[in-house]
Amino acid sequence: MTETIFFYAFALLALVGAILTVTARSAVYSAISLIVALVGVAGLFLLQQAEFLFAVQIILYIGGVMVLFLFVIMLVNLDEAARQRQFNRQWLLALACIAGVAAMFFYFLSRGAGAFQIAAAAPARAAEGNTERLADALFSEYLLPFEIASLLLLVAIVGSVIMAKKRV
Amino acid sequence: MHPITTSHYLVLSAALLLIGTLGVLTRRNIVIILMSIELILNAVNLNLVAFSRHLDQVTGQIFAIFVIVVAVGEAAVGLGILIALFRNKETVHADEVDLLKW
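So the protein lines, in turn, are chains D and Z. Here my numbering is used: position 54 in the first sequence is 54, and no number is missing along the way. Here my numbering is used: position 94 in the second sequence is 94, and no number is missing along the way.
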């Protein structure tokens, strides 16, 4: 019962935040709405017993990525851009395509909904927590992808520094 | 009230994905396009976590971590490109960058 209420609350937060992100005129409003949407998604992670991802979402996305976005919004002068046309010329075509894909998605999801009824009560593992299970898998089975991910982050750091530098 | 099942999460994730795609396709401001991409990747993460719980396996959450890593790298490099673009062309609109168009 409480899960239902919390699910709809967080889902509303995520959806309203997402719609405002896409439609807001000012980039700062858009970033703030995106933070609202990310908080909603973080709550949904918590609701699904993914506590580690909840913490990662709050610390890394809302604390890291969104601050980076806000920094860039302050750095780049967006006042002129906010006064101009916000949507490109193909917006009607894009809307039609999205409507078509949405109809397809929800048709197939409604047909397959019966397959997902069992998940109502997932067996709770009291012995070990979510973070422990995650670490076990990450540092044994997925050790090589984990190391490659760290390499990818290094490449991203070097790449973004070179991109933002004045003279290469 | 009905109990919340995995398909609830799938529907929500599909809706978030569609909203994000709409933002990528229709907006002109590159900053907002990058934020819409973050929205899309979050929808994917929601889907992965929903299936991770549905199957009672932790693999989906590990994939979600990798998706977050890629999203962070994408945001950093994308914003670096945006700063370089703004320095050279004084615009943040995606449809004004048409040097390779003929």
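Glycine is no exception: its CB is placed at the ideal position from the N, C-alpha and C atoms.
Phe52 (chain D) - partner residues in DSSP beta bridges: If you number the first sequence from 1, residue 52 (chain D) lands on position 52. DSSP lists no partner for Phe52 (chain D).
First through last residue of the alpha helix (DSSP H) which encompasses Ile38 (chain Z): Indexing the second sequence from 1 puts residue 38 (chain Z) at position 38. The residue asked about is misnamed: residue 38 (chain Z) is Glu in this sequence, not Ile. First-last of the alpha helix (DSSP H) with Glu38 (chain Z): 30 to 54.
Proximity test, Cβ basis, 7 angstroms: Arg111 (chain D) and chain Z: Here residue 111 (chain D) corresponds to residue number 111 of the first sequence, with the count starting at 1. False, the Cβ-Cβ gap to chain Z never drops below 7 angstroms.
Chain-order list of residues whose beta-carbon lies under 8 angstroms from that of Ser160 (chain D) (same chain, five-residue window excluded): Within the first sequence, residue 160 (chain D) is the residue found at index 160, counting from 1. Excluding residues within five positions, none has a Cβ falling inside 8 angstroms.
Distance, Phe10 (chain D) Cα to Phe45 (chain D) Cα: Start at 1 with the first residue of the first sequence, and residue 45 (chain D) comes out as number 45. Start at 1 with the first residue of the first sequence, and residue 10 (chain D) comes out as number 10. So the alpha carbons of these two residues sit roughly 10 angstroms apart.
Spatial distance of Gln57 (chain Z) from Leu134 (chain D) (CA atoms): One-based indexing of the second sequence puts residue 57 (chain Z) at position 57. One-based indexing of the first sequence puts residue 134 (chain D) at position 134. Answer to the nearest angstrom: the Cα atoms are 10 angstroms apart.
Spatially closest choice to Val76 (chain D) from Z:Ile62, Z:Ala75, Z:His54, Z:Leu82, by CA coordinates: What you label residue 76 (chain D) is simply residue 76 of the first sequence in a count that begins at 1. Cα-wise, what sits closest to Val76 (chain D) is Z:Leu82.
Chain D contact residues for Val67 (chain Z), given Cβ-Cβ distances below 9 angstroms: Here residue 67 (chain Z) is taken as the residue at index 67 of the second sequence, counted from 1. Ordered by position in chain D, no residue passes the 9 angstroms Cβ test against Val67 (chain Z), which lies about 10 angstroms from the chain.
Gly60 (chain Z) beta carbon less than 7 angstroms from that of Leu48 (chain Z): Position 48 of the second sequence, counting from 1, holds the residue named residue 48 (chain Z). Position 60 of the second sequence, counting from 1, holds the residue named residue 60 (chain Z). Closer than 7 angstroms, so yes.
Coarse secondary structure for Arg27 (chain Z), derived from DSSP in three states: Reading the second sequence from its first residue, position 27 is the one you call residue 27 (chain Z). If DSSP states are grouped into helix, strand and coil, Arg27 (chain Z) belongs with the strands.
Beta-carbon proximity check, Leu34 (chain Z) vs Gly78 (chain Z), cutoff 7 angstroms: As a position in the second sequence, residue 34 (chain Z) is number 34, starting the count at 1. As a position in the second sequence, residue 78 (chain Z) is number 78, starting the count at 1. Their beta carbons are under 7 angstroms apart, which means Leu34 (chain Z) touches Gly78 (chain Z) by this criterion.
Burial state of Leu2 (chain Z) (16 or more Cβ within 10 Å): Within the second sequence, numbered from 1, the residue matching residue 2 (chain Z) stands at position 2. Leu is not the amino acid found at residue 2 (chain Z); the sequence shown has His there. It counts as exposed.
Burial state of Tyr9 (chain Z) (16 or more Cβ within 10 Å): Translated into positions along the second sequence, residue 9 (chain Z) becomes position 9. Looking at its Cβ environment, which holds 16 or more other Cβ atoms inside 10 Å, Tyr9 (chain Z) is buried.
C-beta contact flag for Ala42 (chain D) and Gly17 (chain D) at 7 angstroms: Locating residue 42 (chain D) in the first sequence gives position 42, where the first residue counts as 1. Locating residue 17 (chain D) in the first sequence gives position 17, where the first residue counts as 1. Contact flag unset, no.
Under the three-state DSSP convention, the category His93 (chain Z) falls into: The residue given as residue 93 (chain Z) occupies position 93 in the second sequence. In the structure shown, His93 (chain Z) sits in a strand (DSSP, three-state: E or B).
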